[in-house]
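Mapping of the sequence shown onto this note's numbering: residues 5 to 353, in sequence order. In this text, a Cβ means the ideal position worked out from N, Cα and C, and glycines have one as well. Below is one structure; the comments refer to it alone.
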Amino acid sequence: PPIKAINVDSPFELERIASVATELGVRANVALRGVPGVQGGSTAGIETGSERSKFGMTEPEIEQCLVLAENNREAIRVAGLHVHIGSQMTDMGLYAAAARYVAKRGGAIQARLPGDLRHLNIGGGFPKPYVKYNDQSPEIGYFHTDVTVDDVAATVMPLLKDTLGTDLEILTEPGRSMISDTALCLARVEGQKEREDTRWLYLDTGYSVIPESAQGWYFHMTSANRAGDKDTEQLRVVGPLCDSIDVYYDTEGESKLESLLKAEPALQQHHDLLRNTLVRTPPMRELQASTVPGDIIAILDTGAYQIELTSHYCGRLRPAAVMVREDGSIQTIRARDTLDDLVQHERVA
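What follows is the structure, encoded as structure tokens:
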């Protein structure tokens with residue numbers, strides 16, 4: 005099938021596409037990715053709608069692309085407009101702001117390039133509830149949500165229809181919201197220690213397997229083989245790697261908060277506000293009190309991005325992945341690494 009559109013992220017890219025299309029004697033469908041000026045999301049690393057993000061084009065850059073398209077009608081069709089504002093977005097006002105941007109900019113494209121515009125891609129970022137049971141820790145507000153795709157549609161669609169009508173195709177990128185809860189990761193407790201009346205559990209699984217844990221992402225945990233035990237305990241949970249960020253709490257956020265309060269003690273009166281701003285995940289995990297080394301910890305909702313981002317960091321072997329089918333049968337969909345896999349691309353001079 006033909007390419008629906010090539011997403012364009014800069015005037016430089018559009019110039020390159022126009023040159024190749026002219027050389028081939030074809031007219032390329034492109035979609036311009038704009039910067040809607042929307043800031044939000046669970047962590048700064050996945051904010052994609054503000055001008056400080058590396059993605060998209062500002063108004064002057066969009067204008068350059070429109071001039072280029074006007075001067076190269078035989079090579080370029082601006083068939084789409086694309087935005088993406090982040091991930092795990094729970095504020096409907098941010099979706100509305102992005103929709104107003106798309107409506108305004110889409111109308112300008114229709115006026116400048118009649119007949120070109122065919123679709124609007126409003127991106128994704130639809131939130132998924134990562135918080136299970138009664139975990140109400142204030143640090144994980146972004147991960148506790150009842151916002152649905154229907155809520156997003158009810159906010160966005162009227163704004164687009166009122167300005168641009170109903171002839172344009174609306175595209176979305178549901179991504180994480182569609183598949184995050186289709187997988188879980190089983191980790192083993194390898195060790196423990198006591199420190200200041202707090203028990204620490206050391207898992208065999210760190211950010212080489214769950215990379216987003218080092219980016220402030222929250223994944224609920226439970227002791228899989230002790231799920232029926234009622235008594236629970238607040239525990240520190242960490243991974244096996246050689247970095248202090250290989251933990252299942254926000255060590256960087258906690259360190260920043262501690263340093264700030266030490267430098268300016270008067271800020272202590274704003275402790276809760278500062279903590280909720282700087283610290284992205286809870287300091288402790290509530291697990292079954294009977295959990296001991298050898299037990300299995302289920303890390304839930306790891307279906308989005310984690311398998312693709314696994315690595316051999318610290319010489320760790322990547323785990324197997326298995327699929328449970330509707331009939332209950334189990335199929336290996338990714339084999340467990342061997343030592344040969346770890347060194348297969350190495351060469352001795």
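- In the DSSP assignment, residue 204 is bridged to 197 and 240.
- The Cβ-Cβ distance between residue 125 and residue 175 falls below 8 Å.
- The straight-line gap separating the alpha-carbon atoms of residue 20 and residue 75 is approximately 14 Å.
- The Cβ-Cβ distance between residue 181 and residue 135 does not fall below 8 Å.
- For residue 63, the enclosing alpha helix (DSSP H) stretches over residues 63-75.
- With distances taken between CA atoms, residue 327 lies nearest to 339 out of 156, 339, 249 and 274.
- Under DSSP, the beta-bridge partners assigned to residue 292 are 236.
- Residue 121 and residue 39 have their C-alpha atoms spaced approximately 18 Å apart.
- Of all C-beta pairs linking the segment 71-85 to the segment 103-122, three or more are shorter than 8 Å, placing the two stretches in contact.
- Judged by pairs of C-beta atoms under 8 Å, the segment 13-29 touches the segment 64-73, as three or more such pairs exist.
- If you ignore the 5 residues before and after residue 9, its C-beta comes within less than 6 Å of the C-beta of 33, 34, 35, 83 and 84, all in its own chain and listed in chain order.
- For residue 239, the closest of 273, 293 and 162 by C-alpha to C-alpha distance is 293.
- By the Cβ rule, the segment 87-104 counts as touching the segment 157-164, because three or more pairs are nearer than 8 Å.
- No Cβ-Cβ contact shorter than 8 Å links residue 212 with residue 299.
- Judged by DSSP in its simplified three-state form, residue 86 adopts strand.
- Around the beta carbon of residue 254, 16 or more other beta carbons sit within 10 angstroms, so the residue counts as buried.
- For the options 209, 151 and 101, the alpha carbon positioned closest to that of residue 163 is the one of 101.
- The beta carbon of residue 320 sits closer than 7 Å to those of 212, all from its chain and outside the five residues before and after it, given in chain order.
- Between residue 309 and residue 245 a beta carbon distance of about 18 Å is seen, past the 8 Å cut, so the two are scored as non-contacting.
- The closest CA to that of residue 168, considering only 104, 147, 133 and 196, is found on 104.
- Within a 10 Å sphere around the beta-carbon of residue 109 sit 16 or more other beta-carbons, which makes this residue buried.
- Counting every other CB atom within 10 Å of its CB across the protein chains shown gives residue 235 a total below 16, marking it as exposed.
- Beta-bridge analysis with DSSP links residue 335 to 327.
- Per the C-alpha coordinates, the member of 290, 107, 183 and 284 positioned closest to residue 260 is 284.
- Taking C-beta atoms as the reference points, residue 207 and residue 302 fail to come closer than 8 Å.
- Checking the DSSP bridge columns, you'll see residue 261 has no partner listed.
- In the DSSP annotation of this structure, the continuous segment of the beta strand (DSSP E) that includes residue 226 starts and ends at 225-227.
- Shortest Cα-Cα distance from residue 252 to any of 265, 270, 223 and 203 involves 223.
- In this structure residue 209 is buried. Its beta-carbon is surrounded by 16 or more other beta-carbon atoms within 10 angstroms.
- Within 10 angstroms of the beta-carbon of residue 79 lie 16 or more other beta-carbons, which makes it buried.
- Here residue 25 is buried, its C-beta having at least 16 other C-beta atoms within 10 Å.
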